[in-house]
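Trainee: Can you keep this structure in mind? I'll have questions shortly.
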Amino acid sequence: MSLGLLLPPEGVVDLLTTWPDRPRVYERGRTAVDEAMSLEYFNELIDTGCAPPDEIAVVKAGPSNRTAFLTNGRTDAAKLSRLRDQGYTIRFGNMQRWLPAFHRISQGIQQETGYSNYMHAFLTPGGEQGLLHHWDQQMAVVVQVAGTKTWQLWKPPVEAPMREYHESFRVWREDFIPAWEAAGPDMTIELAAGQTLLLPRGWIHNPHALGYDEPSLHLTFAIRERTPLWLAEQLLAQAIEQPDFRRVILPADLEQPVLVDRLSETKQALVAFLGKLDMTEMAGRVRKAAVTELEYTT
Numbered sequence: 023m024s025l026g027l028l029l030p031p032e033g034v035v036d037l038l039t040t041w042p043d044r045p046r047v048y049e050r051g052r053t054a055v056d057e058a059m060s061l062e063y064f065n066e067l068i069d070t071g072c073a074p075p076d077e078i079a080v081v082k083a084g085p086s087n088r089t090a091f092l093t094n095g096r097t098d099a100a101k102l103s104r105l106r107d108q109g110y111t112i113r114f115g116n117m118q119r120w121l122p123a124f125h126r127i128s129q130g131i132q133q134e135t136g137y138s139n140y141m142h143a144f145l146t147p148g149g150e151q152g153l154l155h156h157w158d159q160q161m162a163v164v165v166q167v168a169g170t171k172t173w174q175l176w177k178p179p180v181e182a183p184m185r186e187y188h189e190s191f192r193v194w195r196e197d198f199i200p201a202w203e204a205a206g207p208d209m210t211i212e213l214a215a216g217q218t219l220l221l222p223r224g225w226i227h228n229p230h231a232l233g234y235d236e237p238s239l240h241l242t243f244a245i246r247e248r249t250p251l252w253l254a255e256q257l258l259a260q261a262i263e264q265p266d267f268r269r270v271i272l273p274a275d276l277e278q279p280v281l282v283d284r285l286s287e288t289k290q291a292l293v294a295f296l297g298k299l300d301m302t303e304m305a306g307r308v309r310k311a312a313v314t315e316l317e318y319t320t
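At position 149 of the sequence shown (counting the first as 1) the number is 171 in the numbering used here, and the numbers step up by one without a gap.
This is the structure we're talking about:
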């Protein structure tokens, strides 16, 4: 079981049966995932420049930089090592795409949950900070592999963000961070090696290793929840098989007031179409999509 590599048995049960809406910390111990991306292996990827350049970012208490470690479009090991030594957080992204062990874990998680997912790794030198305050669009299972990282957390400022809707950078205001800092975090977690944090979508987090001398390495397994909107999209996807839904709408019909009529006609056609669907057959199609769709976009 892939989730069993990230969480103890009670954590797996919590995730699959309740999908927590508040952060929780679990004692994981060491599993095969700690070996698949150990601190030593992460540093080897830096020092050899073997990680794919499109999946690397460097950041130091601000926005990420995707080019500072490149020479002629390729990963420059000397530059990347120097950035690490200068206190930059190094992020390796989408490990399920280029590391077989994480590809297998990702597939396992999708089979167990029906949710697509992706995996990032973050190495932050001791006494430093990478990303600043933000929130994410999906549940994060944060696996601390080495060192300790401080997670300052605030309750979600928006309800149930997903995909592009209510992404933090899209609705960002300059007064956010001063207000959060003035109020103080709702929770502070010192996540140590061998522990796992469940961080629900929308929770503001300000992670750093400012209070520690040793480097921090954590893996983030981002799990994209399915929603009723996704189910609706699966139902509507079958409409393309009906010729009436593929006919051309004339440019003139996209102007008021005739557009109101076209929308009303389409609404009625959709209701009639959905009423004829066999839900048992659809359940088989939807389950297949749940365990196979990769959804690499937000």
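All residues carry an ideal CB built from backbone N, CA and C; glycine is no exception.
What is the DSSP secondary structure of Leu220, reduced to helix, strand or coil?
Mentor: It is a strand residue.
Trainee: Counting along the chain, where does the alpha helix (DSSP H) carrying Trp252 start and finish?
Mentor: Run containing Trp252: Pro250 to Ala259, per the alpha helix (DSSP H) assignment.
Trainee: Measuring alpha carbon to alpha carbon, tell me which of Thr146, Leu299 and Tyr234 ends up nearest Glu263.
Mentor: The candidate whose alpha carbon is nearest that of Glu263 is Leu299.
Trainee: Checking 8 Å against the spacing of the C-beta atoms, do Ser86 and Ala168 come in under that value?
Mentor: Contact: no.
Trainee: When you compare only the Cα positions, how much space is there between Arg185 and Glu247?
Mentor: Their backbone Cα atoms lie some 10 Å apart in a straight line.
Trainee: So, at 8 Å on beta carbons, what are the nonlocal neighbours of Thr320 in its own chain, with the 5 sequence-adjacent residues on each side left out?
Mentor: Note that Thr320 scores a pLDDT of 45, beneath 50, so its modelled location is shaky; the value from the coordinates is reported in the next line. Excluding sequence neighbours, Thr320 sits near Gln159, Arg185, Glu186 and Glu189.
Trainee: On the three-pair Cβ rule with 8 Å, is the segment 99-107 touching the segment 118-136?
Mentor: Contact between the segment 99-107 and the segment 118-136 is absent, because fewer than three Cβ pairs lie under 8 Å.
Trainee: Quick one: is Thr314 buried, meaning 16 or more other Cβ sit within 10 Å of its Cβ, or exposed?
Mentor: So Thr314 ends up on the exposed side.
Trainee: Using 8 Å as the threshold, is the segment 195-203 in touch with the segment 243-261, meaning 3 or more CB pairs across them?
Mentor: They do not touch, by the three-pair rule.
Trainee: Mapping DSSP to helix, strand and coil, what is Asn65?
Mentor: Helix, per DSSP.
Trainee: Give me the Cα-Cα distance between Thr210 and Glu181, rounded to the nearest whole angstrom.
Mentor: Spanning the two alpha carbons is a distance of roughly 21 Å.
Trainee: Can you tell me where the alpha helix (DSSP H) holding Glu287 begins and where it ends?
Mentor: First-last of the alpha helix (DSSP H) with Glu287: Val280 to Lys298.
Trainee: Give the DSSP bridge partners of Glu212, in chain order.
Mentor: Answer is Thr172, bridged to Glu212.
Trainee: Inspect the CB distances between the segment 122-141 and the segment 214-234 and report whether three or more fall short of 8 Å.
Mentor: Verdict: no, contact absent.
Trainee: Could you round the C-beta distance between Tyr234 and Gly136 to whole angstroms and report it? I think they count as a contact, below 8 Å.
Mentor: Contact flag wrong, Cβ pair sits at about 37 Å.
Trainee: Distance check for Thr39 and Glu303, CA to CA, integer angstroms please.
Mentor: In a straight line, the C-alpha of Glu303 is about 25 Å away from that of Thr39.
Trainee: Along the chain, where does the alpha helix (DSSP H) that runs through Arg309 open and close?
Mentor: Here the alpha helix (DSSP H) through Arg309 covers Met301 to Thr314.
Trainee: Judging by CA-CA distance, which residue of Leu253, Gly297 and Arg268 is the nearest neighbour of Arg307?
Mentor: That would be Leu253, whose Cα lies nearest to the Cα of Arg307.
Trainee: Mapping DSSP to helix, strand and coil, what is Phe198?
Mentor: In this structure, Phe198 counts as helix in the three-state DSSP scheme.
Trainee: Do you know how far the Cα of Pro75 is from the Cα of Gly95?
Mentor: Rounded to whole angstroms, Gly95 to Pro75 spans 8 Å at the Cα level.
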